[in-house]
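J.: Once you've had a glance at the structure underneath, I'll fire off some questions.
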Amino acid sequence: MKFLIVGIGSIGKRHLRNLRALGYGDLLAYRSSRRDVEAIEREFGVRSFFDLEQALAEKPDVVIVSNPTHWHIPVALAAARAGAHLFLEKPLSHTLEGVSELSALVKQHNLKAMVAYPLRFYAGTQKMRALLKEGAIGQPLYVRAEVGSYLPDWRPGSDYRQVYSAHAEMGGGVLLDLSHEVDYLYWLFGPPENLTAQIQNTGALEIDAEDNVDILMQT
């Protein structure tokens with residue numbers, strides 16, 4: 050099976066390490082930066098491409114989309130048209146533009162597509178879902194989920210204010226970057242019938258995306 054990883058940042062490298070550990074050796078990489086190309090090729094045994102069409106011409110079976118959020122849909126559309134299955138880092142996108150087209154292509158070509166929300170597969174959340182289905186604790190009336198992370202610590206050696214996570218138009222901000230909790234709450238309790246949210250930028254991090262969000266959902 051041939052894999053194409055799009056975006057070789059920290060997450061893309063993690064995917065390469067995992068694929069190598071699982072025994073997959075036919076690995077391709079599409080990237081915009083030529084930094085450390087030879088070192089990465091040696092470490093992971095990957096072939097690098099700097100043109101997406103050329104990379105897709107190698108006919109990968111699966112494309113792993115791990116570039117910045119605002120590029121997810123354009124890359125996924127091209128990959129789906131090429132007949133590749135898709136694994137996309139969360140979130141799917143920062144807007145709904147192109148999402149319906151992508152869904153139609155996936156169905157048309159009978160592809161498998163998944164957004165990376167791995168907390169659904171953790172033993173704890175799996176057990177929680179099983180207990181809820183069994184009615185082990187009765188009918189839940191109130192659930193609280195919290196998550197916090199300090200953006201300057203995410204990418205050591207980089208100015209956090211310059212990366213996509215700091216810019217709303219690129220898909221940054223806590224609502225999308227830290228959306229795992231929203232996903233597993235949907236998974237455990239279903240989509241909300243009513244929702245209200247307070248979104249803030251406190252200014253503490255000097256970024257233009259939101260840095261604090263409170264969401265109240267009623268199912």
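Heads up: the sequence shown begins at 50 in the working numbering, then just goes up one per residue. All residues carry an ideal CB built from backbone N, CA and C; glycine is no exception.
1. Please look up how many angstroms separate the CB atoms of M177 and L234, rounded, as I've assumed it's under 8 Å.
2. According to DSSP, which residues form a beta bridge with E138?
3. Just checking my contact of I57 with A78 at CB under 8 Å: how many whole Å lie between their CB atoms?
4. Counting along the chain, where does the alpha helix (DSSP H) carrying L126 start and finish?
5. Quick check: P109 and L53, are their CB atoms within less than 8 Å of each other?
6. Assuming contact is defined by CB atoms lying nearer than 8 Å, are S149 and H121 in contact in what I supplied?
7. For N243 and D263, I'd like the C-alpha separation in whole angstroms.
8. Does the beta carbon of V124 come closer than 8 Å to any beta carbon on chain B?
9. Could you please give the first and the last residue of the uninterrupted beta strand (DSSP E) stretch that includes Q211?
10. Are S115 and E138 closer than 8 Å when you measure CB to CB?
11. For L180, collect the residues of the same chain with a Cβ closer than 8 Å to its Cβ; drop the 5 residues on either side in sequence, then sort them by chain order.
12. Could you check the C-alpha separation between H216 and D232 for me, to the nearest Å?
13. Strictly by DSSP, which residues pair up with F98?
T.: The relevant details are as follows:
1. About 11 Å separates the beta carbon of M177 from that of L234, a gap too long to meet the 8 Å contact definition.
2. Per the DSSP secondary-structure output, E138 pairs in a beta bridge with A165.
3. Yes, I57 and A78 are in contact; Cβ-Cβ is about 5 Å, under 8 Å.
4. 121–130 is the extent of the alpha helix (DSSP H) around L126.
5. Yes. Within cutoff.
6. Contact flag unset, no.
7. C-alpha separation (whole angstroms): 14 Å.
8. Here there is only one protein chain, and chain B is not present.
9. Q211 -> no beta strand (DSSP E), and no H or E assigned at all.
10. Contact flag set, yes.
11. I186, listed in sequence order.
12. Computed Cα separation, rounded: 22 Å.
13. For F98, which the question treats as bridged, DSSP gives the partners Y79.
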